[in-house]
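In the numbering used here, each residue's number is its place in the sequence shown (first place is 1) plus 8. Cβ atoms here follow ideal geometry from the backbone N, Cα and C, with glycine treated the same way. What follows is a set of notes on a single structure, which appears directly below.
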Amino acid sequence: MDNSTNNYRARSRMLDVIRKSAPVTRPALAKETRLTSAAVGLHVASLLDEGLIEEVGYGESIGGRMPVKIDIARKSNCTLGVALHDGELLGNVADFGDHSLFMRRERMRPRDTRQQILDSLDQIVEQALGLIAKHQLRQRHCVVAISGHLDAQTGRIIDSVHFPKLNNFDVREHLLKQFNLQCEAVYVTHAVFCGVLEGDMRNEHVGLISWNTGVGWTQARGENLQFTNANPGVRRISHLKIRPDGGRACHCGRSGCLESELGGLAILQRLAETGEAKYAHLDLPGLAALAQAADPTVVEMLSGCARELGQHLAPAVFLSGAKYLRIETCLGLDHAVLVRNLKQGLAQCMHADQIDALDIAVVPDADAALLKGVCRLARGIFFDGGMIRRLREEM
Ligand SMILES: [Zn+2]
């Protein structure tokens, strides 16, 4: 192992301790990291120089001078998060203390060309970078959350349900070329998930159902996403075949998938097929509005789909050992009705006491969770280089 590797590891270890036990003194850092006081002194000096940490007061004196306490510089460092999700493009800048400093959203229309989508993306990034420069913040990393997957070999987007026009597009290369911006692309559900994790949930098994245009499932123990290639069944649950005898054509090339049967687009199709004029040209916001206005046909259809969703996701929920189950949806079904119907579906494969033990709730503001999540992921990637590799493997 050469010196630079050793240095890098010592520095990461220190940053980790500061993040977890801040504010912390130099002697405490030396004790926690088992580095010499001289090494700690050098690293602290260079991290102060880079503006990544700051001195925030004094610790207790152990005879002599009072030691200075150190913390991550939470207000002057920030991350940039962008999400392309369900007809919307969202941009957010958050500081290291999780405060949102900039937020912008743009509606994407199905008829938009790829160039129009990219222009909006560039505009949002440009505005965000402008704000970062104006406030003299240090921008540490950028994460773009996309629906669909990344091809591990080429880094290009594949299988995007919401923005098929972006398929075969390399978002990393684009932002590097356009803005000289280091970025990672992650799956939208990952980002929502990371935004949802709060408090006690951070150490427990948690499952997240995303029910929007398509259907997504993410599970994790704390912040360790169990969503990897090693477990392709979990990764591809959206394309679980639930209609053995055919079903609706899916964008994955097959038919009768969980997503193509129960996703928002399938529900729009089914409503259009009723022949009623008011359902003929609905989009997802229109569907949500009807659900909220308690349109009987819409509520009945969504309730039925929620039950079926519960039934097909029950094995994943059970096997994940989830203590918390969160549902993120833009379809407008009343939260109590949604949870009740999901439970009925789960009950077909799980015992009543197993379902009772689950803490089930709807994510109240999925956009906010998504934006918080992309910035948290960006920060995680910045602090922990290994996370980049893990995320790439997952996608
Ligand atoms: Zn499919």
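Helix, strand or coil at residue i according to DSSP, with G and I counted as helix
i: THR282; result: coil
i: CYS260; result: coil
i: ILE275; result: helix
i: GLY99; result: strand
i: HIS247; result: helix
i: ASP120; result: coil
i: THR44; result: coil
i: PHE110; result: strand
i: LEU216; result: strand
i: ASP24; result: helix
i: ASN239; result: In this predicted model, ASN239 has a pLDDT of only 48, less than 50, meaning its place in the structure is not dependable; the value taken from the coordinates is given anyway. Looking at ASN239 - three-state DSSP - the assignment turns out to be coil, as it is neither helix nor strand.
i: ARG146; result: strand
i: LYS380; result: helix
i: ARG210; result: helix
i: HIS93; result: strand
i: GLN135; result: helix
i: ARG229; result: strand
i: GLY59; result: coil
i: LYS83; result: coil
i: ARG164; result: coil
i: LEU153; result: Per the sequence shown, residue 153 should be read as Ala rather than Leu. Three-state DSSP puts ALA153 in a strand.
i: ARG73; result: coil
i: GLY65; result: strand
i: GLY224; result: strand
Contact set for residue i: own chain, Cβ-Cβ below 6 Å, skip 5 residues either direction
i: GLY318; result: LEU350, GLY353 and LEU354
i: LYS331; result: GLU212 and HIS213
i: GLY340; result: ALA296, ALA299 and GLN300
i: CYS191; result: CYS150, VAL152, ARG180 and LEU183
i: PHE201; result: LEU216 and THR226
i: GLY241; result: Legend: pLDDT at GLY241 = 48, less than 50; position of this residue unreliable, value from coordinates given subsequently. No residues qualify anywhere along the chain.
i: LEU248; result: LEU266
Cβ-Cβ separation, residue j to residue i (assumed contact under 8 Å), whole Å
i: GLN228; j: VAL214; result: A quick correction: the sequence has Ala, not Gln, at residue 228. Contact holds; Cβ gap of about 6 Å.
i: VAL347; j: VAL370; result: 7 Å
i: ASN85; j: ARG146; result: 5 Å
i: LEU333; j: ASP367; result: 7 Å
i: VAL52; j: ARG34; result: 6 Å
i: TRP219; j: THR44; result: Not quite, the Cβ-Cβ distance comes to about 54 Å (not below 8 Å), so this is no contact.
i: ILE125; j: LYS173; result: 6 Å
i: LEU279; j: LEU290; result: 6 Å
i: HIS170; j: LEU92; result: 7 Å
i: GLU281; j: ILE250; result: Actually they are not in contact, since the Cβ atoms of GLU281 and ILE250 sit about 18 Å apart, beyond 8 Å.
Spatial neighbours of residue i in its chain, beta-carbon cut-off 7 Å, leaving aside the 5 residues before and after
i: ARG42; result: none
i: GLY4; result: Absent from the model: residue 4. The displayed extent of the chain is 9 to 403, so no value can be given.
i: LEU55; result: ILE61
i: ARG112; result: GLY99, ILE132 and GLN135
Residue i vs residue j beta-carbon contact at 8 Å
i: VAL382; j: VAL90; result: yes
i: PHE390; j: THR87; result: yes
i: ILE154; j: LEU97; result: no
i: ASP79; j: ILE26; result: yes
i: LYS380; j: GLY207; result: no
i: GLY271; j: GLY222; result: yes
i: ALA136; j: LEU378; result: no
i: ALA47; j: ALA18; result: yes
i: ALA81; j: GLY59; result: yes
i: CYS357; j: ALA322; result: yes
i: LEU139; j: PHE104; result: no
i: GLN277; j: ARG262; result: no
i: LEU310; j: ASP94; result: no
i: ASP127; j: GLN186; result: no
Cut-off 8 Å between Cβ atoms - residues of its own chain near residue i, not counting five sequence neighbours on either side
i: MET403; result: Low confidence applies to MET403: its pLDDT is 44, below 50, so where it sits in the model is not reliable enough to give any reading.
i: ASN239; result: Below a pLDDT of 50, predicted positions are generally treated as unreliable, and ASN239, at 48, falls in that range; the measurement from the model is reported next regardless. Cβ neighbours of ASN239 beyond the five flanking positions: none.
Exercise for the section: Enumerate, from N- to C-terminal direction, the unbroken beta strand (DSSP E) stretches of 3 or more residues contained entirely within the region 176-207. Expected result: Correct list: 191-195.
Exercise for the section: Go through the region 289-376 residue by residue and report every complete run of the alpha helix (DSSP H) that reaches 4 residues or more, in order. Expected result: 292-300, 304-328, 343-354 and 360-364
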